[in-house]
Structures are given as C-alpha cells and as structure tokens.
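> In our numbering, the protein residues as written are 2 to 372.
Here a beta-carbon is modelled for each residue, glycine too, at the ideal position from N, C-alpha and C.
Here it is, the structure in full.
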Ligand SMILES: *Cc1c(COP(=O)(O)O)cnc(C)c1O
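Rendered as structure tokens:
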C-alpha cells in the first residue's frame with residue numbers, strides 16, 4: 002500500500018526524463034579481476050599508506066573543510082609541480098572530474114543549448130548534458146574510430162555549441178586526435194572547448210603547456226586513472242576568468258578534508274605514481290603484443306591504459322564477455338552500445354599476472370568458439 006503511494010508521488014514529482022533514464026553503469030561488485038574501469042591495478046606503497054594514516058590522525062572532522070587561503074594555495078602548488086601546470090593557469094577542484102563536467106555545463110548552458118562531442122566518447126558527457134536539459138550533438142567518428150574533422154566543423158557551424166568536449170585520448174576507443182585537428186576545432190569553436198585529459202599520463206602528449214595561449218580552452222584532468230579512483234579528485238585548469246565563473250556553481254566544500262589531506266600526503270611522496278604508470282605502460286605493451294598473436298580479433302590503436310578490441314564476425318563478443326565473467330574476469334562490453342563499436346570489448350590494463358590470466362582464458366574461449 003505504502004509503496005504504491007510512493008510510486009504515485011514519484012510519478013508526478015520526479016522529472017519524467019529522469020524517471021526514464023538508466024542508472025550510470027557502475028562496475029560489478031565481487032571478487033573479480035577488474036579489467037573494466039581503467040583503474041590502476043596497483044595499491045599505494047605501504048610507507049605512503051602509513052603516512053596517510055598519520056596525517057589523518059590530525060584532522061578536525063567536526064569542522065568544514067578549508068576552502069581557501071594558505072592550505073589550498075599549498076595544495077595548488079603541489080598539483081602544479083606534480084603535473085606540470087603553468088604558473089599562470091588557475092585551477093578549481095572537483096569531487097572527481099565527473100563533477101567538473103557537470104559544473105562546466107551548468108555554468109555555460111541554459112536548457113536547450115548545444116554541446117558537441119565526437120562519438121562514441123565518454124558516456125558521462127551525455128548523462129551530464131541530459132541532466133542539465135541540454136542537447137549533446139554526437140558527431141560520429143569514422144569507421145576506423147578516428148575523428149571526422151569535416152563533420153565536426155559542420156556541426157560547430159550548424160549548432161554553435163556552448164561547449165565542446167574532446168577526450169584526449171578518447172574513451173572508450175583509445176584514439177588520440179592530432180594537434181592540427183584539435184587546433185582547427187579550437188579556431189572554429191564559438192564557445193568553450195574542454196580538453197579532457199583523463200588518460201594523459203599514458204601518452205605523454207598534452208595541451209597543458211599551450212593552455213594559456215587560447216582564449217576559450219580549459220583542460221580537465223583526474224587522478225582516477227593513475228591510482229586514486231577511490232579518492233574522487235579532478236581538476237580543471239586554464240585562464241582565471243573562466244574558472245572564476247565556473248566556480249560560482251561549485252557546491253561549497255565539494256572537496257572533503259579527507260580528500261585534501263590524503264592528496265597532499267600522496268603528492269609529498271609522489272615518486273611511486275610514475276613508477277606505477279611505467280609499469281602499466283609495460284603491461285600494456287605486453288597485452289597488445291599478446292592479443293596480436295591471437296587471430297579473430299582487431300586491436301584499435303590505443304593511447305590509454307586500456308585496449309578496445311573488435312572480434313571478427315564468427316565470434317560473438319557477448320559470449321566472450323559472459324565467459325570471461327564466469328571465469329571471474331571483468332572487462333567492459335561495448336558490443337551493443339553503438340554501431341561503430343559493434344562486437345567490441347574494452348580491456349583495461351591490469352597487473353602482468355592479471356593480463357596473463359586474461360590472455361590465457363581468452364585463448365581457451367576462442368579455441369572453443371572456433372572449433
Ligand atoms: C574516467 C573518465 C573521467 C572521469 O573521471 P573521474 O575523475 O573518476 O570522475 C573523465 N573523463 C574521461 C574521458 C574518463 O574516461
């Protein structure tokens with residue numbers, strides 16, 4: 002009885018488009034070998050965990066987090082140094098870069114405004130656009146999953162987007178757009194262009210050193226893919242005037258005292274971060290060369306800590322996905338997500354052991370399927 006009442010209230014109260022919307026596809030719980038969410042497979046070193054434990058002992062959880070002044074300036078300097086951000090670039094912090102994506106749209110777009118992104122790309126661009134009543138114009142990638150520059154420029158002329166999101170490298174395809182292509186887009190954009198460098202650490206190519214040369218470009222980064230997905234921390238950087246505006250819609254105290262404390266401790270002991278990134282890059286090379294030795298699949302070029310694989314027609318990617326899951330290996334199934342990703346699975350790079358097990362199981366499945 003009570004439930005039907007709740008349902009009635011919800012039906013007439015919650016936005017109709019939200020009622021119809023799917024929930025964000027979160028990763029499965031369980032004891033899986035997780036090759037599905039581009040997390041770093043490496044835990045923090047023990048001595049860093051010990052420092053974190055120590056630093057947390059000193060915080061005052063009864064107080065609101067510090068949100069300006071010396072501690073925040075110190076955190077900014079540590080981030081600047083750690084991630085080579087130019088001195089002139091200002092930054093704001095988000096509870097993950099997902100939050101910053103949402104704040105960018107909120108501060109730039111009124112209902113009905115247009116946003117453009119090449120597509121398929123990061124799924125949260127679409128979710129955030131919908132939540133804020135804006136329209137994401139998805140400009141299809143080419144068949145080879147490269148960006149279609151002419152189609153992008155045409156869409157820019159036609160829709161005059163408030164915001165353009167470019168994920169560099171792109172998720173879930175792994176591709177990276179050339180400098181000339183990005184420059185063309187920047188030159189034609191009538192509004193803001195956000196370069197989402199979530200996977201920058203795995204390519205070394207970055208727009209960060211050029212950021213202050215443009216009037217309408219911001220760079221978005223996250224720590225999630227380099228070892229801190231659980232921390233929920235991202236930053237948006239670029240000219241102060243832009244960030245001052247976007248900062249107005251940021252919820253007060255969106256970065257907890259815990260996050261601030263852990264982050265500054267981690268950055269004080271940051272040498273392990275690059276060690277882990279190098280290990281992931283080595284593991285990626287091994288994974289790619291092992292996949293190349295299998296027949297019946299195509300590996301798209303990747304600049305991230307993941308590989309998009311397309312299986313040939315005789316092989317059903319859904320079956321592979323389910324079989325892997327039965328063997329406790331979790332990858333991400335994109336085979337029905339978009340026609341351009343037909344029969345594709347995305348595999349995040351794990352530890353050498355995880356990757357070796359994945360290849361072994363995949364080999365078995367493919368043998369079974371083709372026999
Ligand atoms: C994972 C990802 C993010 C989100 O990162 P969080 O900081 O964990 O919210 C942003 N952009 C792209 C392209 C991603 O793949």
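Would residue 52 pass as a contact of residue 269 if the rule is Cβ separation under 9 Å?
Yes, the pair counts as a contact, with Cβ atoms nearer than the cut-off.
> Is the closest heavy atom of ligand 1 to the C-beta of residue 329 under 8 Å?
no
> Once the 5 residues before and after residue 185 are set aside, which same chain residues still bring their CB inside 7 Å of it?
150 and 154
> Under 5 Å, CB to any heavy atom of ligand 1. Which residues pass, going along the chain?
97, 98, 99, 123, 168, 172, 197, 199, 223, 225 and 235
> Helix, strand or coil: how does DSSP classify residue 285 here?
It is helical.
> Quick one: what's residue 136 bridged to in DSSP?
115
> Any contact between the stretch 113 to 125 and the stretch 165 to 173? By contact I mean 3 or more CB pairs, one from each, below 8 Å.
yes
> List the residues that DSSP assigns as beta-bridge partners of residue 193.
164
> Between residue 223 and residue 98, which are expected to be in contact by the criterion C-beta below 8 Å, what is the C-beta distance as a whole number of angstroms?
4 Å
> Starting from residue 254, follow the alpha helix (DSSP H) in both directions and report where the run begins and ends.
Premise fails: residue 254 is in no alpha helix (DSSP H) and is neither H nor E.
> For residue 36, which residues from the same chain have a beta carbon less than 7 Å from its beta carbon, with the 5 sequence-adjacent residues on both sides left out?
330, 331, 332, 348, 349, 351, 355 and 359
> If I'm right that residue 110 touches residue 164 with Cβ under 8 Å, what's the distance once you round it to whole angstroms?
7 Å
> Which residue wins for smallest C-alpha separation from residue 176, given the options 144, 159, 152 and 161?
If we check each option's Cα against that of residue 176, 144 comes out closest.
> Using the beta-carbon count (16 or more within 10 Å), is residue 23 buried or exposed?
exposed
> Hey, out of 178, 161 and 252, whose CA is closest to residue 191's CA?
161
> Under the rule that 16 or more other beta-carbon atoms within 10 Å means buried, what is residue 167, buried or exposed?
buried
> Within a Cβ cutoff of 6 Å, which residues of the same chain sit near residue 236, ignoring the five residues on either side of it in sequence?
Excluding residues within five positions, the ones whose Cβ falls inside 6 Å are 92, 94 and 222.
> Based on DSSP bridge pairs, tell me the residues matched to residue 349.
307
> Relative to the C-alpha of residue 335, which candidate in 100, 291 and 308 has its C-alpha closest?
308
> Classify residue 251: buried if its beta carbon has 16 or more other beta carbons within 10 angstroms, exposed otherwise.
buried
> Are residue 265 and residue 75 touching if we call contact CB-CB under 9 Å?
Cβ distance < 9 Å, so residue 265 and residue 75 count as in contact.
> Is residue 40 helix, strand or coil when you go by DSSP?
coil
> So residue 322 is in the alpha helix (DSSP H); what residue range does that whole segment cover?
Run containing residue 322: 318 to 327, per the alpha helix (DSSP H) assignment.
> Residues bridged to residue 344 by DSSP?
Note: residue 344 sits in no beta bridge, so no partner.
> So, using beta-carbon positions, are residue 321 and residue 363 closer together than 9 Å?
yes
> Which same chain residues end up closer than 6 Å to residue 299 when comparing Cβ atoms and leaving out the 5 residues on each side of it in sequence?
311
> Measure the alpha-carbon distance for residue 365 versus residue 295 and round it to whole angstroms.
11 Å
> Under three-state DSSP, which class holds residue 169?
coil
> Just to check my reading of the structure: residue 187 and residue 218 have Cβ atoms closer than 8 Å, yes? What is that Cβ distance to the nearest angstrom?
6 Å
> Checking 9 Å against the spacing of the C-beta atoms, do residue 245 and residue 220 come in under that value?
no
> Buried or exposed, going by whether 16 or more other CB atoms sit within 10 Å of the CB of residue 20?
exposed
> Classify residue 120 as helix, strand or coil using the three-state DSSP reduction.
Three-state DSSP puts residue 120 in a strand.
> Looking only at C-alpha atoms, which of 216, 249 and 54 sits nearest to residue 104?
249
> Mind checking which residues open and close the beta strand (DSSP E) that includes residue 386?
Residue 386 is absent from the structure shown; the chain starts at 2 and stops at 372.
> Where do the ends of the beta strand (DSSP E) carrying residue 17 lie?
No beta strand (DSSP E) holds residue 17; the alpha helix (DSSP H) holding it covers 17 to 21.
> Restricting to Cα atoms, I'd like to know which of 228, 134, 181 and 114 is closest to residue 49.
Restricting attention to 228, 134, 181 and 114, the CA atom closest to the CA of residue 49 is found in 228.
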